[in-house]
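Colleague: Taken in sequence, the protein lines are chains A and B.
Residue 1 is where the first sequence starts when you use our numbering, and the numbers rise one by one after that.
Residue 1 is where the second sequence starts when you use our numbering, and the numbers rise one by one after that.
We treat Cβ as the ideally placed atom computed from N, Cα and C, and that holds for glycine.
Next up is a structure, given as structure tokens.
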Amino acid sequence: MRIAPRQKTLGVRTKRATASAALTAAALVLVAVTGWTTGAALADGGGLASFLARSPGERGEAELAKTKAARLGDAAAPAAAPGDPEPVQRALGKIFDAPVESPLDALEEPALPVPVAQVVDAVPAPSGSTTSGGFPGASSGGFFPGGGSSSSSGGSTSSGGGSTSGGGDTTSGGSTSSGGTTTSGGTVGAVPEPGTWMTMLLGMAMTGAALRSPRRRRGESAPCARGA
Amino acid sequence: MRKGRLILFAHRPLLAALALCTTLGMTLGGCGPGTDARDATAEARAQLSRTMPGRTLLSERERDLAAAARVLPPGTKSVLRQGAMRHGSHAWNEEGVPPGTVTVWVDLRRQMASVFRGGHEIGTAVIQYGAPGYSTPVGGFPVLRKVADYHSRSYDAPMPHSLFITDDGVALHGSPTGARRATHGCVGLPVAFAERLFGVVAPGDRVTIVESREDPAAGPASDGKQG
């Protein structure tokens with residue numbers, strides 16, 4: 001009586017196991033048979049399989065476009081010699097030996113109303129004090145119009161870059177006795193006009209005065225007094 | 001006793017499966033080429049390895065599959081035993097191969113060329129073929145003429161050991177090799193291989209250029225014309 005249920009379960013188990021075994025066997029047989037039909041022909045050791053395996057494969061789309069600088073040859077990427085002090089130019093174009101043109105030269109060009117020689121003649125000989133202020137070559141009537149001017153115009157500050165003389169302005173006709181030499185271009189003067197100079201000086205003077213004023217001193221001392 | 005055996009199998013399903021499989025496999029195996037045929041094949045292989053070393057005999061099935069996929073010409077008997085090859089490499093072995101018709105089989109897809117004499121492969125090489133826009137013609141061509149040292153006028157390029165196959169200048173010839181190289185429509189061969197090929201091919205011999213199908217085990221090829 002006690003054995004009966006056990007036997008029953010055993011029987012069920014046996015059935016299940018047999019079924020699973022049969023299934024596995026069937027699957028294995030299937031694999032074996034299909035393998036024999038298709039695989040065996042191409043199995044390793046088979047002539048066809050090894051024949052197919054010897055190919056390097058298909059040529060890809062991008063295969064022909066692949067490049068490496070090193071493989072392009074020396075012409076494309078010349079390797080610098082180890083001890084070469086001068087690097088090899090690659091990216092830039094030609095280097096020219098001709099001197100670079102100065103933008104000043106370009107500005108100098110505009111047609112002078114009066115030939116330079118004439119102007120030079122017209123201009124009085126520069127005094128010692130003024131020449132120091134001008135740029136070299138300015139006296140030739142170029143960029144700095146008042147380069148060689150005299151003190152006659154009254155400015156005579158001598159502290160500025162050029163001398164005063166009312167250079168870039170207005171006197172379009174040139175030929176003035178005041179050494180105006182100049183320049184049709186007119187409006188834009190590189191050297192400030194005397195009035196401007198005066199205004200600037202006035203401003204600086206006022207600043208200085210303000211700094212030195214007793215009121216400011218008092219103002220400064222006030223916080224100290226308070227703090228102390 | 002019977003129940004006991006069942007239980008034994010039940011506890012060892014794998015064993016049962018193996019037993020079944022073996023039995024069935026043997027029965028089904030009998031339906032195949034048969035033991036006699038297998039013995040015959042083995043004997044043929046043994047004989048082949050004695051008379052023509054370095055090659056593998058193809059089974060009938062392999063022959064059919066290869067021909068269907070246009071990997072090999074129909075009626076191929078044996079192929080060279082050769083490992084993987086790279087651009088520029090070639091193999092040549094005509095030891096013991098009897099005289100016969102020489103055919104050249106060029107497979108553009110696999111980038112391979114093979115030379116057969118009487119169905120036995122005697123040489124093989126990796127090839128270069130036409131670049132996009134200069135496609136190599138596909139089909140069967142007779143060798144029209146042989147020029148040992150040709151120089152291309154169109155491309156100002158040397159074409160050593162040229163075997164011309166078309167009237168418009170397509171040839172099999174020696175060429176620089178490399179995976180990144182292509183031709184203007186010719187079939188470029190390693191120069192050493194081209195030289196040997198030049199030696200065995202006569203005008204009138206057949207050159208077949210194909211694009212084989214990828215999987216030889218999957219039915220007849222769609223492309224590639226038999227000329």
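Just curious, the beta strand (DSSP E) that glutamine 142/B is in, first and last residue?
Modeller: Stepping through the second sequence from its first residue, residue 142/B is reached at position 142. The residue you asked about is not glutamine; residue 142/B is proline in the sequence shown. Start and end: 139–142.
Colleague: Contact between the segment 145–159 of chain B and the segment 86–96 of chain B is defined here as three or more beta-carbon pairs at a separation below 8 Å; is this criterion met?
Modeller: No: the two stretches stay apart, fewer than three of their Cβ pairs being nearer than 8 Å.
Colleague: Contact defined as beta carbons within less than 8 Å: I believe alanine 202/B pairs with cysteine 186/B. What is the distance between those atoms, to the nearest angstrom?
Modeller: Locating residue 202/B in the second sequence gives position 202, where the first residue counts as 1. Locating residue 186/B in the second sequence gives position 186, where the first residue counts as 1. The Cβ separation is near 20 Å, so there is no contact.
Colleague: Should isoleucine 127/B and asparagine 93/B be called a contact, given that it needs their Cβ atoms to be closer than 8 Å?
Modeller: Taking the second sequence and counting its residues from 1, the one referred to as residue 127/B is at position 127. Taking the second sequence and counting its residues from 1, the one referred to as residue 93/B is at position 93. No, the pair does not count as a contact, with Cβ atoms beyond the cut-off.
Colleague: Which residues of chain A have a Cβ atom closer than 7 Å to the Cβ of valine 126/B, listed in chain order?
Modeller: Residue numbering aside, residue 126/B sits at position 126 when the second sequence is read from its first letter. Correct list: Pro56.
Colleague: Which residue spans inside the segment 103–164 of chain B form an unbroken beta strand (DSSP E) run of at least 3?
Modeller: Complete beta strand (DSSP E) runs here, min 3: 112–117, 120–126, 139–142, 145–152 and 157–164.
Colleague: Which stretch, first to last residue, makes up the alpha helix (DSSP H) that contains alanine 199/B?
Modeller: In the second sequence, residue 199/B corresponds to position 199, counting from 1. A quick correction: the sequence has glycine, not alanine, at residue 199/B. Segment 191–200, the alpha helix (DSSP H) holding glycine 199/B.
Colleague: How is threonine 183/B classed by DSSP in three states: helix, strand or coil?
Modeller: By one-based count along the second sequence, residue 183/B stands at place 183. Strand.
Colleague: Taking 6 Å as the limit between beta carbons, can you name the residues of its chain near methionine 200/A, skipping five residues before and five after?
Modeller: Numbered from its first residue, the first sequence carries residue 200/A at position 200. Excluding sequence neighbours, methionine 200/A sits near nothing in its chain.
Colleague: Could you compute how far the alpha carbon of alanine 68/B sits from the alpha carbon of glutamate 214/B?
Modeller: As a working note, residue 68/B is residue 68 in the second sequence. As a working note, residue 214/B is residue 214 in the second sequence. Roughly 11 Å between the two C-alpha positions.
Colleague: Report the partner residues of leucine 172/B according to the DSSP bridge assignment.
Modeller: Looking up residue 172/B in the second sequence gives position 172. In the DSSP output, where bridge partners are listed per residue, leucine 172/B has Leu163/B and Val187/B.
Colleague: Can you find the residues in the same chain that come closer than 6 Å, C-beta to C-beta, to alanine 131/B, ignoring five residues on each side of it along the sequence?
Modeller: Position 131 of the second sequence holds residue 131/B. Closer than 6 Å at the Cβ level, and outside the excluded window around alanine 131/B, lie Ala182.
Colleague: Assuming valine 143/B contacts glycine 204/B under a Cβ cut-off of 8 Å, what Cβ separation, rounded to an integer in Å, is found between them?
Modeller: Position 143 of the second sequence, counted from the first residue, corresponds to residue 143/B. Position 204 of the second sequence, counted from the first residue, corresponds to residue 204/B. Confirmed, Cβ separation roughly 6 Å.
Colleague: Cβ of threonine 136/B less than 8 Å from any chain A Cβ?
Modeller: Translated into positions along the second sequence, residue 136/B becomes position 136. No, threonine 136/B does not count as interfacial toward chain A.
Colleague: Within 10 angstroms of the Cβ of glutamate 211/B, are there 16 or more other Cβ atoms? Answer buried if so, exposed if not.
Modeller: By 1-based counting over the second sequence, the position of residue 211/B is 211. Answer is buried; the Cβ neighbour count reaches 16.
Colleague: State the DSSP-derived secondary structure class of threonine 56/B, mapped to helix, strand or coil.
Modeller: Indexing the second sequence from 1 puts residue 56/B at position 56. Three-state DSSP puts threonine 56/B in a strand.
Colleague: Based on the DSSP output, what are the partners of arginine 45/B in its beta bridges?
Modeller: Walking along the second sequence from the start, residue 45/B turns up at place 45. None, per the DSSP bridge assignment.
Colleague: Strictly under 8 Å for the Cβ-Cβ distance: is glycine 119/B near chain A by that measure?
Modeller: Reading the second sequence from its first residue, position 119 is the one you call residue 119/B. So no, glycine 119/B is outside the interface.
Colleague: State the CB to CB distance for the pair valine 104/B and valine 207/B, rounded to an integer number of angstroms; the pair is presumed to be in contact (CB under 8 Å).
Modeller: Counting from 1 along the second sequence, the entry for residue 104/B is found at position 104. Counting from 1 along the second sequence, the entry for residue 207/B is found at position 207. The pair is a contact, with the Cβ atoms about 4 Å apart (cut-off 8 Å).
Colleague: Beta-carbon within less than 7 Å of alanine 179/B's beta-carbon, same chain only, minus the 5 sequence neighbours each way: which residues are those?
Modeller: For this step, residue 179/B is matched to residue 179 along the second sequence. The answer, listed in chain order, is His87.
Colleague: Just mark serine 175/B as buried or exposed, buried being the case when its beta carbon has 16 or more other beta carbons within 10 Å.
Modeller: Locating residue 175/B in the second sequence gives position 175, counting from the first residue. So serine 175/B counts as buried.
Colleague: Assign glutamine 47/B to buried or exposed, taking buried as 16 or more other Cβ atoms, counted over all protein chains shown, within 10 Å of its Cβ.
Modeller: Reading the second sequence from its first residue, position 47 is the one you call residue 47/B. Exposed is the call here.
Colleague: Can you find a C-beta in chain A that's less than 8 Å from the C-beta of proline 99/B?
Modeller: As a first step, residue 99/B is located in the second sequence; it is residue number 99 there, counting from the start. No, because no Cβ of chain A sits closer than 8 Å to the Cβ of proline 99/B.
Colleague: Measure from the alpha carbon of leucine 52/A to the alpha carbon of each residue in Arg109/B, Gly54/B and Val102/B, then state which is nearest.
Modeller: To locate residue 52/A, count along the first sequence from 1; it is residue 52. Among Arg109/B, Gly54/B and Val102/B, the Cα nearest to that of leucine 52/A is on Arg109/B.
Colleague: Can proline 56/A and glutamine 82/B be called in contact, C-beta distance under 8 Å?
Modeller: Residue mapping note: residue 56/A aligns to position 56 of the first sequence, counting from 1. Residue mapping note: residue 82/B aligns to position 82 of the second sequence, counting from 1. No, the pair does not count as a contact, with Cβ atoms beyond the cut-off.
Colleague: Whose C-alpha, out of Arg45/B, Thr41/B, Ala113/B and Met52/B, is nearest the C-alpha of arginine 70/B?
Modeller: By 1-based counting over the second sequence, the position of residue 70/B is 70. Comparing Cα positions, the closest option is Ala113/B.
Colleague: Could you say which of Ser162/B, Ser135/B, Arg55/B and Gly199/B lies nearest to isoleucine 209/B if we only look at CA atoms?
Modeller: Along the second sequence, one-based indexing puts residue 209/B at 209. Of the listed residues, the one whose Cα sits closest to isoleucine 209/B is Ser135/B.
Colleague: How long is the line joining the alpha carbons of valine 200/B and histidine 184/B, rounded to whole angstroms?
Modeller: Mapped onto the second sequence, residue 200/B falls at position 200. Mapped onto the second sequence, residue 184/B falls at position 184. Each residue's alpha carbon lies about 25 Å from the other.
Colleague: Examine chain A for any beta-carbon lying closer than 8 Å to the beta-carbon of histidine 87/B, and answer yes or no.
Modeller: Walking along the second sequence from the start, residue 87/B turns up at place 87. So yes, histidine 87/B belongs to the interface.
Colleague: Looking at the C-beta of glutamine 82/B, does it have a partner C-beta in chain A at a distance below 8 Å?
Modeller: Mapped onto the second sequence, residue 82/B falls at position 82. It does: the Cβ of glutamine 82/B has a partner Cβ on chain A nearer than 8 Å.
Colleague: Starting from threonine 207/A, trace the alpha helix (DSSP H) in both directions and tell me its first and last residue.
Modeller: Position 207 of the first sequence, counted from the start, is the residue given in the question as residue 207/A. 194–212 is the span of the alpha helix (DSSP H), which, as asked, contains threonine 207/A.
Colleague: State yes or no: is the C-beta of phenylalanine 116/B within less than 8 Å of the C-beta of proline 73/B?
Modeller: Indexing the second sequence from 1 puts residue 116/B at position 116. Indexing the second sequence from 1 puts residue 73/B at position 73. Going by C-beta atoms, phenylalanine 116/B is nearer than 8 Å to proline 73/B.
Colleague: Any beta-carbon of chain A closer than 8 Å to the one on glutamine 111/B?
Modeller: For this step, residue 111/B is matched to residue 111 along the second sequence. At least one chain A Cβ lies under 8 Å of glutamine 111/B.
Colleague: Within 10 angstroms of its Cβ, does arginine 215/A collect 16 or more other Cβ (buried), or is it exposed?
Modeller: As a position in the first sequence, residue 215/A is number 215, starting the count at 1. By the neighbour-count rule (16 or more Cβ atoms within 10 Å), arginine 215/A is not buried but exposed.
Colleague: What's the call for glutamate 58/A, buried or exposed, on a 16-neighbour Cβ count within 10 Å?
Modeller: By one-based count along the first sequence, residue 58/A stands at place 58. Exposed: under 16 other Cβ atoms inside 10 Å.
Colleague: Taking only three categories from DSSP, how would you classify leucine 80/B?
Modeller: Looking up residue 80/B in the second sequence gives position 80. Looking at leucine 80/B - three-state DSSP - the assignment turns out to be strand.
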